[in-house]
Amino acid sequence: MPFQHHILDHAGDVLDAARAYLESWLAAGLAPVLLVPSPAAADRVRRALAEGPCALGARVETPMMWVRDRWDLFGDGRRIVSSFDRALLVRRACLETERTALEATPGVVGLLARLAREALPHLTAPVAANAGLSAAERDALMVLERYAELLQEAGCCESSQAAALLPEAMEAPAPLVLAGFDDLDCAEERMTAALAQRTDVVRLDDGCRAPSGADGRASELQGLLERLFKPAMPEPLRPTGRVRFLLPAGRYAAPTLVASTVAQAVADERLRAVEEGRDPLPVAVTARDPRALFDDVAGALLEAGAASAVSASRAFADTAFGRAFLALHAFACGAWSIAQASDFALGPFSGIGNRTACELDAAWRGDRTVERARIAADLARESEAASDALTALEAGDVDGALAGFEARLRARADLDPAFRAEQLAAVSCARRFASACSRANAAFVGALPLLERMPVSASARSARDEGARPDALFMSLDEAAELPACSCAALVLCDLDAGSYPVRLVEDGGTLLLEKLGLGRPVDALAASRRRFFRALSSACETVVCERVLNTEDASEAYPSVMFEELLDCYREAGAGEDDRATGLPKPLVAFAMLAGEDALHDNLALVCEGVQPRVGEGGATLSWELPAAGAVSPEQRPRIVLPRSPREGLRGADAALALSPSALESYLECPYKWFALRRLRLSEPDAGFGPLEMGSFSHNVLRSFYEHFREAGHAKVDSATLPEARALLGETFDRHLESQRNLKRSVNPLIPRTAFERAETADLRKRLVRFLDREALLLPGFEPVRFEFDFGSSEPFPYAGCLLRGSVDRIDVNGAGQAVVIDYKGSLNGDYALDSASPAAQAGGAVLPHKVQTLMYAQVARKVLGLDVVGALYVSYGRDRRVSGAFDRTVVGEQDVPGIDVERCGVPGPAGEALGVSSFGELVDAVEDRIARAVRTLADGCIGPDPRGGDPCGYCPVLACEKRMGA
Numbered sequence: 001m002p003f004q005h006h007i008l009d010h011a012g013d014v015l016d017a018a019r020a021y022l023e024s025w026l027a028a029g030l031a032p033v034l035l036v037p038s039p040a041a042a043d044r045v046r047r048a049l050a051e052g053p054c055a056l057g058a059r060v061e062t063p064m065m066w067v068r069d070r071w072d073l074f075g076d077g078r079r080i081v082s083s084f085d086r087a088l089l090v091r092r093a094c095l096e097t098e099r100t101a102l103e104a105t106p107g108v109v110g111l112l113a114r115l116a117r118e119a120l121p122h123l124t125a126p127v128a129a130n131a132g133l134s135a136a137e138r139d140a141l142m143v144l145e146r147y148a149e150l151l152q153e154a155g156c157c158e159s160s161q162a163a164a165l166l167p168e169a170m171e172a173p174a175p176l177v178l179a180g181f182d183d184l185d186c187a188e189e190r191m192t193a194a195l196a197q198r199t200d201v202v203r204l205d206d207g208c209r210a211p212s213g214a215d216g217r218a219s220e221l222q223g224l225l226e227r228l229f230k231p232a233m234p235e236p237l238r239p240t241g242r243v244r245f246l247l248p249a250g251r252y253a254a255p256t257l258v259a260s261t262v263a264q265a266v267a268d269e270r271l272r273a274v275e276e277g278r279d280p281l282p283v284a285v286t287a288r289d290p291r292a293l294f295d296d297v298a299g300a301l302l303e304a305g306a307a308s309a310v311s312a313s314r315a316f317a318d319t320a321f322g323r324a325f326l327a328l329h330a331f332a333c334g335a336w337s338i339a340q341a342s343d344f345a346l347g348p349f350s351g352i353g354n355r356t357a358c359e360l361d362a363a364w365r366g367d368r369t370v371e372r373a374r375i376a377a378d379l380a381r382e383s384e385a386a387s388d389a390l391t392a393l394e395a396g397d398v399d400g401a402l403a404g405f406e407a408r409l410r411a412r413a414d415l416d417p418a419f420r421a422e423q424l425a426a427v428s429c430a431r432r433f434a435s436a437c438s439r440a441n442a443a444f445v446g447a448l449p450l451l452e453r454m455p456v457s458a459s460a461r462s463a464r465d466e467g468a469r470p471d472a473l474f475m476s477l478d479e480a481a482e483l484p485a486c487s488c489a490a491l492v493l494c495d496l497d498a499g500s501y502p503v504r505l506v507e508d509g510g511t512l513l514l515e516k517l518g519l520g521r522p523v524d525a526l527a528a529s530r531r532r533f534f535r536a537l538s539s540a541c542e543t544v545v546c547e548r549v550l551n552t553e554d555a556s557e558a559y560p561s562v563m564f565e566e567l568l569d570c571y572r573e574a575g576a577g578e579d580d581r582a583t584g585l586p587k588p589l590v591a592f593a594m595l596a597g598e599d600a601l602h603d604n605l606a607l608v609c610e611g612v613q614p615r616v617g618e619g620g621a622t623l624s625w626e627l628p629a630a631g632a633v634s635p636e637q638r639p640r641i642v643l644p645r646s647p648r649e650g651l652r653g654a655d656a657a658l659a660l661s662p663s664a665l666e667s668y669l670e671c672p673y674k675w676f677a678l679r680r681l682r683l684s685e686p687d688a689g690f691g692p693l694e695m696g697s698f699s700h701n702v703l704r705s706f707y708e709h710f711r712e713a714g715h716a717k718v719d720s721a722t723l724p725e726a727r728a729l730l731g732e733t734f735d736r737h738l739e740s741q742r743n744l745k746r747s748v749n750p751l752i753p754r755t756a757f758e759r760a761e762t763a764d765l766r767k768r769l770v771r772f773l774d775r776e777a778l779l780l781p782g783f784e785p786v787r788f789e790f791d792f793g794s795s796e797p798f799p800y801a802g803c804l805l806r807g808s809v810d811r812i813d814v815n816g817a818g819q820a821v822v823i824d825y826k827g828s829l830n831g832d833y834a835l836d837s838a839s840p841a842a843q844a845g846g847a848v849l850p851h852k853v854q855t856l857m858y859a860q861v862a863r864k865v866l867g868l869d870v871v872g873a874l875y876v877s878y879g880r881d882r883r884v885s886g887a888f889d890r891t892v893v894g895e896q897d898v899p900g901i902d903v904e905r906c907g908v909p910g911p912a913g914e915a916l917g918v919s920s921f922g923e924l925v926d927a928v929e930d931r932i933a934r935a936v937r938t939l940a941d942g943c944i945g946p947d948p949r950g951g952d953p954c955g956y957c958p959v960l961a962c963e964k965r966m967g968a
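Written as structure tokens, this is what we have:
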């Protein structure tokens, strides 16, 4: 029986021809079958045939649905493999096939699964001998051969195998019509060719050569479809406003334009429907990511009175439940981390309150000694859901854990219905996957990467009345191409840029292998894109709106898609000159274009603010608010510039002095915004770390404890005679402190090495501190350390520069004359610590100040609190650089007293002091306090704008997007 293949002008002709064939076969007493490309097409065709003689007796199916149904009747008893079983068995075949270099990654499994679904019977082992195949391609065929064996063992078969066997297995195949296919895969093509040997087979293709004669389409849209993609067009189309354009400057400006356009289109269609006495048609909106666009604009549309819906799917790992379950499973069964437990606890499925979850997260992350057992116990104590799930997972009962989550989800009537439905779909997907793992004898934990990619329905609705029919439908361009002609009032085509819709062949290792074996199908990417675009345009009867951004995320020019340009060609006149420069449109279309910039950022982003009335439509309200001054704390918030150390202290009064530490003041002088981020907002990670902060705190405590015990042993200072004893004592002190670190609170920054690298770093720190004693024996002869971690400002207020200064001095050395040197230990030093490293500080009224001023503040503390004659303020490194820096009185302390110090850069009197306008060390200490007082007043006035100064002020600043960031 001959195979007939006809290419018709449009979808209407295809349907009419299919109807004619079906009716003739029905009249002859046969039971014909009509195959269509997709379930959506099957629904559309069934509705179209429902009122005629084809309503009974003719079946409308997709090829997959029909093969499954026929296989159940005429097959050999094997069941057609499901998508879950296919992926798992292909993965198992990869793992079990010897002498193959293919790894069972999700990408490889997906490629081989697609090959098996399309052409398994034709990818047999003898083909592997083909000399034209690469080693990897031969490996792929070996894996597929093993996969076929596993299918046989499991009592299953591939859909492509069933399609190959059915033509001979069926006793009397029914006549067959294939309608609306652009191409058939290998199995479908060979099945229809085999069926054509036994029955009538007719293929009817939609050539998209002309618009259907649907009533009600606007004349401009009809003219557009008549001209689109024609090599020789008649005169250009005259624009009437039925085709319009949205041209946002960037993606942030797009949602506002789309929302206002859709809202207006819905309102216009409602008026037309009332005038014509019919139900309103929906507005269709296409986007590259329809769910993301729906999330951006659905709330604004609802505020404007328009209900909306989206048809979409997302990967299991991208659903809220998927993220939560994968985190909990990895914590329970894999290489655990605190982040996994925190992700689950903070999610909506743990049943743990947000405050409690945050407290647990902070407690776990702030404790480097925490183990999985303690975290699991904390989760089980606070969450019944976690307790049940962890118990089930530890017993290997994945389905039991999922069943518990499903039961709790079904009982959550408080959740948004669309969100709840999506999460239930995700649970169902995971349960079916777990069941498939059991059937395939595959470990669930090893197969998890496959589950992560499994699609889950993510459809959603936004309507005030649950049963309301949506006014706007968000979908992909492929889905819009499935809509019946003139089935929507307006079609809004978003993302029509070349990046979103490139015209190129999709080729991978699978398509190349099929081509080498003679099983490939020629694909014309441009023709396929044109057909899709033509069919989508055919769905609109009143208006088409095309949206594309003018600039990419990096502010480069965004190029329009090929389809967008071909649409514009229908309006271009020969010899009309260049297009409009601002819009890129032919000049007759400029009047029908809307542009929007990204400058009104608050208007654009307000669309996603819950409960906010955005600017939508002509009569919508305009959202506005007063923006606070940048770089300043408002007057009403200034009492909170510095928070009290405990709730008992309360907020400071309007005239009360700020309570600050020397390091905070130094940070403010380095950059006010850095101080605000690090000291006030505390934008640092909450995790207990192992780094300079912890090593510094530990080293300070070791050195303090060492000297206390050294003095108790009767030694005033380390010198050459006592150096061996000092080294031994320091080593013992280091070891003793290290053993006690696990018992310390997070607030004291304990040093807890957990890895081999960290243990090596700790051992190196021990060596550095012991070696430091060699330099300590030569430092400040005639001076003795008498104060260690000297606390000030806590019990008794210490006024300094107009604030209350609080802190502690690492060490104070005093000689027999009552002269003192304050010392601040550092792990390393750079040039900023020298006195001559100074610059004007705008936050101090432009006064010149050293870049490092902590020890000079400590010097004033020692003078006023202890009554000492301070002659030096030094920074001493115990690290590898072996440096000393700071400031000192050259009339008392010389280079021989501080080996390694740069006298010219640090000594007073001298060039460094002259640059600061001081001639003595005492003057220097007082001058620094006076100048810092100006900075304190600036801070009290709420000035926190960025103004970095110094060698590397932005090095540890968390504000990466600062406009004044240095070294970026």
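With the first letter of the sequence shown counted as 1, position 807 gets the number 807 in the UniProt record's numbering; the numbers rise by one all the way through.
For glycine and all other residues, C-beta sits at the position ideal for the given N, C-alpha and C.
Excluding the 5 residues preceding and the 5 following Arg46 in the sequence, name in chain order all residues of the same chain whose CB lies nearer than 7 Å to its CB. On the sequence shown, residue 46 is found 46 positions in, with the first residue counted as 1. For Arg46, where only same-chain residues beyond five positions count, the Cβ hits under 7 Å are Val60.
Sequence-distant residues of the same chain with beta carbon closer than 7 Å to Ala128, five excluded per side: For the purposes of this step, residue 128 is taken as residue 128 along the sequence shown, with counting starting at 1. Caution is warranted here: a pLDDT of 48 is assigned to Ala128, below 50, making its placement in the model unreliable, and the coordinate value is therefore given only provisionally. The answer, listed in chain order, is Arg138, Leu141, Met142.
Of all the options Pro686, Lys852, Ser839, which has the alpha carbon lying nearest to the alpha carbon of Ala664? Locating residue 664 in the sequence shown gives position 664, counting from the first residue. Considering only alpha carbons, the answer is Lys852.
Please tell me whether Ala385 and Gly351 are closer than 9 Å, where the distance is taken between their beta carbons. Taking the sequence shown and counting its residues from 1, the one referred to as residue 385 is at position 385. Taking the sequence shown and counting its residues from 1, the one referred to as residue 351 is at position 351. Cβ distance < 9 Å, so Ala385 and Gly351 count as in contact.
The alpha helix (DSSP H) enclosing Leu960, as first and last residue numbers: In the sequence shown, the residue the question calls residue 960 occupies position 960. Looking at the DSSP string, Leu960 is not in any alpha helix (DSSP H), and its letter there is neither H nor E.
Using a 10 Å radius around the Cβ and a threshold of 16 neighbouring Cβ atoms, would you call Phe757 buried or exposed? For the purposes of this step, residue 757 is identified with residue 757 of the sequence shown, where counting begins at 1. Label assigned to Phe757: exposed.
Just to confirm my understanding: we take Tyr501, look at its own chain, exclude 5 residues before and 5 after, and list those with CB closer than 8 Å. What are they? Position 501 of the sequence shown, counted from the first residue, corresponds to residue 501. Arg288, Leu477, Asp495, Ser529, Ser561, Val562, Met563.
Helix or strand or just coil, what does DSSP make of Cys906? The residue you call residue 906 lines up with position 906 of the sequence shown. Residue state, collapsed to three classes: helix.
How big is the Cα-Cα spacing for Ala312 and Asp206? Sequence index remark: in the sequence shown, residue 312 carries index 312 (1-based). Sequence index remark: in the sequence shown, residue 206 carries index 206 (1-based). When rounded, the distance between both Cα atoms is 26 Å.
Buried or exposed: where does residue 1007 fall if 16 or more other Cβ atoms within 10 Å of its Cβ makes it buried? The structure shown has nothing for residue 1007, since the chain only spans 1 to 968.
Could you check which residue in Phe349, Ala763, Pro53, Ala460 has the C-alpha nearest to that of Leu409? Numbered from its first residue, the sequence shown carries residue 409 at position 409. That would be Phe349, whose Cα lies nearest to the Cα of Leu409.
Compute the Euclidean distance between the alpha carbons of Asp69 and Glu566, then round it to the nearest angstrom. Within the sequence shown, numbered from 1, the residue matching residue 69 stands at position 69. Within the sequence shown, numbered from 1, the residue matching residue 566 stands at position 566. Distance between the alpha carbons of Asp69 and Glu566: 43 Å.
Residues sharing a beta bridge with Ala596, DSSP: For the purposes of this step, residue 596 is taken as the residue at position 596 of the sequence shown. The partner list for Ala596 (beta bridge, DSSP) reads Pro248.
Hey, could you find the ends of the alpha helix (DSSP H) Gln854 is sitting in? The residue given as residue 854 occupies position 854 in the sequence shown. 854-866 is the extent of the alpha helix (DSSP H) around Gln854.
Quick one: any contact between the region 464-472 and the region 66-86, if contact means 3 or more CB pairs under 8 Å? Result no; under three Cβ-Cβ pairs closer than 8 Å.
Around the Cβ of Pro417, are there at least 16 other Cβ atoms within 10 angstroms (buried) or fewer (exposed)? As a first step, residue 417 must be located in the sequence shown, where it is residue number 417. Taking every protein chain shown into account, the CB of Pro417 has fewer than 16 other CB atoms within 10 angstroms, so this residue is exposed.
Under the three-state reduction of DSSP, which class applies to His10: helix, strand or coil? Here residue 10 corresponds to residue number 10 of the sequence shown, with the count starting at 1. Residue state, collapsed to three classes: coil.
To the nearest angstrom, how far is the alpha carbon of Gly12 from that of Leu204? Numbered from its first residue, the sequence shown carries residue 12 at position 12. Numbered from its first residue, the sequence shown carries residue 204 at position 204. Those two C-alpha atoms are separated by around 11 Å.
Who are the Cβ neighbours of Pro455 in its own chain at under 6 Å, not counting the five residues just before and after it? Start at 1 with the first residue of the sequence shown, and residue 455 comes out as number 455. Ser313.
Backbone CA spacing between Cys333 and Leu293 [nearest angstrom]: The residue given as residue 333 occupies position 333 in the sequence shown. The residue given as residue 293 occupies position 293 in the sequence shown. The straight-line gap from Cα to Cα measures roughly 37 Å.
In this structure, how does DSSP classify Cys157 when only helix, strand and coil are distinguished? Here residue 157 is taken as the residue at index 157 of the sequence shown, counted from 1. Strand at Cys157.
Determine the contact status of Val898 and Leu780, defining contact as a CB-CB distance below 9 Å. Within the sequence shown, numbered from 1, the residue matching residue 898 stands at position 898. Within the sequence shown, numbered from 1, the residue matching residue 780 stands at position 780. Going by beta carbons, Val898 and Leu780 fall inside the 9 Å limit.
Drop a sphere of 10 angstroms on the beta-carbon of Ser219, count the other beta-carbons inside from all chains shown, and report buried for 16 or more, exposed for fewer. As a working mapping, residue 219 is identified with position 219 in the sequence shown. Ser219 is exposed by the Cβ-count criterion.
DSSP state of Asp524, grouped into three classes? The count along the sequence shown starts at 1 and reaches residue 524 at position 524. It is coil, neither helix nor strand.
In whole angstroms, what separates the C-alpha of Ser839 from that of Leu681? Here residue 839 is taken as the residue at index 839 of the sequence shown, counted from 1. Here residue 681 is taken as the residue at index 681 of the sequence shown, counted from 1. For Ser839 and Leu681, the gap between their C-alpha atoms comes out near 27 Å.
Pull up the distance between the alpha-carbon of Ala28 and that of Met64, whole angstroms please. Walking along the sequence shown from the start, residue 28 turns up at place 28. Walking along the sequence shown from the start, residue 64 turns up at place 64. The straight-line gap from Cα to Cα measures roughly 27 Å.
For Met966, which of helix, strand or coil comes out of DSSP? By 1-based counting over the sequence shown, the position of residue 966 is 966. Reduced to three states, the DSSP call for Met966 is coil.
Based on the DSSP output, what are the partners of Met475 in its beta bridges? The count along the sequence shown starts at 1 and reaches residue 475 at position 475. DSSP lists Thr286 as partners of Met475.
Less than 8 Å between the CB atoms is what I'm expecting for Ile823 and Val876, so what's the real figure, rounded? In the sequence shown, the residue the question calls residue 823 occupies position 823. In the sequence shown, the residue the question calls residue 876 occupies position 876. So it is a contact: roughly 5 Å between Cβ atoms.
Applying the criterion that 16 or more other CB atoms from any shown protein chain within 10 Å of the CB defines a buried residue, is Val427 buried or exposed? Locating residue 427 in the sequence shown gives position 427, counting from the first residue. It is buried - the Cβ of Val427 has at least 16 other Cβ atoms within 10 Å.
For the candidate residues Ala777, Trp675, Glu761, whose alpha-carbon lies nearest to that of Val718? One-based indexing of the sequence shown puts residue 718 at position 718. Nearest of Ala777, Trp675, Glu761 to Val718, Cα basis: Ala777.
Going by Cα to Cα distance, which pick from Ala259, Ala935, Asp764 is closest to Val545? Stepping through the sequence shown from its first residue, residue 545 is reached at position 545. It is Ala259.
Three-way DSSP call (helix, strand, coil) for Arg456 in this model: Taking the first residue of the sequence shown as position 1, residue 456 is located at position 456. Residue identity check: residue 456 is Val in the sequence provided, not Arg. Val456: strand per DSSP, three-state reduction.
What three-state label does DSSP hand Glu789 in the structure shown? By one-based count along the sequence shown, residue 789 stands at place 789. Looking at Glu789 - three-state DSSP - the assignment turns out to be strand.
Residue closest to Phe433, alpha-carbon to alpha-carbon, out of Leu517, Phe316, Glu226, Cys486: Counting from 1 along the sequence shown, the entry for residue 433 is found at position 433. Measuring from the Cα of Phe433, the nearest candidate turns out to be Phe316.
Is it right to say Val274 is buried, meaning 16 or more other beta carbons lie within 10 angstroms of its own, or is it exposed? Against the sequence shown, residue 274 aligns to sequence position 274. In this structure Val274 is exposed. Its beta-carbon is surrounded by fewer than 16 other beta-carbon atoms within 10 angstroms.
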